[in-house]
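First up is the structure itself, then whatever we jot down about it.
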Amino acid sequence: MDRKGIVTFKGRGLTLAGSPVVAGTMAPDFSVLDNNLKEVRLGDFSGKVKLISVTPSLDTPVCDIQARRFNEEMVNLSQDVVVLNISMDLPFAISRFCSAAGIDKVKTLSDHRDASFGMAYGVLIKELRLLARSVFLIDADGTVRYTEIVPELTEHPDYEKALKETEKLKPALRRRP
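Residue numbers (the working numbering): 1017 to 1193.
Following this line, the structure appears as structure tokens:
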């Protein structure tokens, strides 16, 4: 499914490919690669709250800030929360970026191989084969609780809102056996 008019890059309209994800539905599975070329799936984080920060490319100023911001915020989040940063960057480039930027709390993942995440979450930019800047929050039971697709790729996501929505899930985490 192609959707136009959702995102722009410097004002130029782009096309998003894939199925849009809606809050209140079960999160679709995906397959991405970690920095060691190991396959990672959504189910690998079963039982945890997943805050997924999606960046077009970590080697750009806004993406750099986004990854660093969520990495810094990890100290304020429960141990039952995992933050994933997904981009189309090659795993080797992601590894170099993380080493240089001190990104050590966020799990950085690459969707370059199959665009599995991009298609499953409806954020693959057809014209650029990059992912649209976005944030998804999935609770410990696998239900999508929050979504944000940033309308202009060069703008930041609403960090405060994403973190506030994550905080709302803390009582549910405490009740889990």
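We treat Cβ as the ideally placed atom computed from N, Cα and C, and that holds for glycine.
Here's a check: name, in chain order, each residue in its chain whose Cβ is nearer than 7 Å to the Cβ of Glu1089, leaving out the five neighbours to either side.
Leu1179
Hey, quick one: how far does the beta strand (DSSP E) through Thr1124 stretch, first residue to last?
1123-1126
Taking only the alpha-carbon atoms, compute the straight-line gap between Phe1108 and Leu1185 and give it to the nearest angstrom.
33 Å
Could you pull out every residue in the same chain whose Cβ sits closer than 7 Å to the Cβ of Lys1020, ignoring the five residues on either side in sequence?
Gly1029, Thr1031
Just to confirm the assignment, what range does the beta strand (DSSP E) spanning Val1070 have?
1065-1070
So does Met1135 have its beta carbon nearer than 7 Å to some heavy atom of the ligand SAH?
No copy of the ligand SAH occurs in the structure displayed, which carries no ligand at all.
Quick check: the Cα distance between Ala1043 and Tyr1175, rounded to an integer number of angstroms?
21 Å
When the Cα of Gly1027 is compared with those of Glu1183, Val1166, Leu1053, which residue comes out closest?
Val1166
N-terminal and C-terminal residue of the beta strand (DSSP E) that Leu1032 is part of
1028-1033
Please name the residue in Leu1140, Asn1101, Val1065 whose C-alpha comes closest to that of Arg1074.
Here residue 1074 is Leu; the residue named in the question, Arg, does not match the sequence. Of Leu1140, Asn1101, Val1065, the residue nearest in Cα terms is Asn1101.
First and last residue of the uninterrupted beta strand (DSSP E) at Ile1154
1150-1154
Within the chosen definition, does the stretch 1048-1055 reach the stretch 1077-1091 through at least 3 CB pairs nearer than 8 Å?
no
Alpha carbon of Gly1158 to alpha carbon of Ser1062, nearest angstrom:
8 Å
Own chain partners of Cys1114 with C-beta closer than 6 Å, once the 5 adjacent residues on each side are dropped
Thr1124
Going by DSSP in three states, Leu1100 sits in which element: helix, strand or coil?
strand
So what does DSSP say about Phe1108, is it helix, strand or coil?
helix
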